[in-house]
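Numbering (the numbering used here), first residue to last: 3 to 260. These notes are about the structure you will find just below.
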């Protein structure tokens, strides 16, 4: 995009005047599906990296360290950084020029309004990722008696309302997690058995091309199923865990921290 200085300035003004244009050009979001995908990616980044000591239960040491407050600032920085990349690579601003364009308070508020918009509609992706780390922490204990105090703290906190759930203590939660793991592993093993049978058939001599093609296609389908199951979170394999996750998401949505 080779633009004159005046054209770049005019285009920049337009970008920071229209959310739809900014989203399309800077965030590459043209639909709600795109916006949701962006937030799913950002949720993983926030919980697993940028704010892992505040949001990721595999890294949090005490429940008092858990906080949703920094999320807005990090999302603002992520969007601002997307502007910088666009300004440098597409508009050919210098870094100082690109940063200068963000100094206007109205533009800061403009980006914050996009952050608020995305959080209002898609914050549950962040909360779901947080809860996944909590369940992963539970998975890390071979026996319920080995649980760290943090897990007990969470279970007794406002994040889990045991009055609404059939699980009333950590031992019961640990049992459900183990059951979900076993169910997931059974599904995985079933697919492995089918794939091994197909591979054995493919290893046979004088295999007709039509049959070989069919077997390879079936093998590919099983591989896709296997990949999907491997990426499924545990609540997909246990209804109680699903209720726990939904309850925790509800608690976070209504926490008024965002």
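Positions of the beta carbon are idealized from the N, C-alpha and C atoms, including for glycine.
- Counting along the chain, residue 34 sits inside the alpha helix (DSSP H) bounded by residues 34 to 47.
- Around the C-beta of residue 111, fewer than 16 other C-beta atoms lie within 10 Å, and the residue is accordingly described as exposed.
- Counting only the Cα atoms, residue 102 lies some 39 Å from residue 135.
- Ranked by Cα distance from residue 188, the options 93, 220, 236 are led by 236.
- The DSSP-derived three-state label of residue 220 is helix.
- For residue 102, the enclosing alpha helix (DSSP H) covers residues 97 to 102.
- DSSP places residue 61 outside any alpha helix (DSSP H), giving it a letter other than H or E.
- One Cα belongs to residue 233, the other to residue 158, and the distance between them is close to 29 Å.
- Burial state of residue 87 is exposed, judged by a 10 Å Cβ sphere holding fewer than 16 other Cβ atoms.
- The alpha carbon of residue 58 has as its nearest neighbour, out of 173, 106, 139, the alpha carbon of 139.
- According to the DSSP assignment, residue 151 belongs to the alpha helix (DSSP H) that extends over 151 to 158.
- With at least 16 other beta carbons inside 10 angstroms of its own, residue 240 counts as buried.
- Around the beta carbon of residue 243, 16 or more other beta carbons lie within 10 angstroms, which makes this residue buried.
- Beyond the five residues adjoining it in sequence on each side, residue 89 comes within less than 6 Å, by CB distance, of 95, 100 in the same chain, given in chain order.
- Burial check for residue 170: the Cβ neighbour count within 10 Å stays below 16, so the residue is exposed.
- Judged by their CB atoms, residue 218 and residue 194 are not nearer to each other than the 9 Å cut-off.
- Here residue 152 is near residue 63, since their CB atoms are less than 9 Å apart.
- Under the three-state reduction of DSSP, residue 210 is assigned to coil, being neither helix nor strand.
- Burial state of residue 246 is buried, judged by a 10 Å Cβ sphere holding 16 or more other Cβ atoms.
- Sequence-distant partners of residue 37 (beyond 5 residues in either direction) whose C-beta falls short of 6 Å from its own C-beta, in its chain, are 31.
- In the DSSP annotation of this structure, the continuous segment of the alpha helix (DSSP H) that includes residue 185 starts and ends at 172 to 204.
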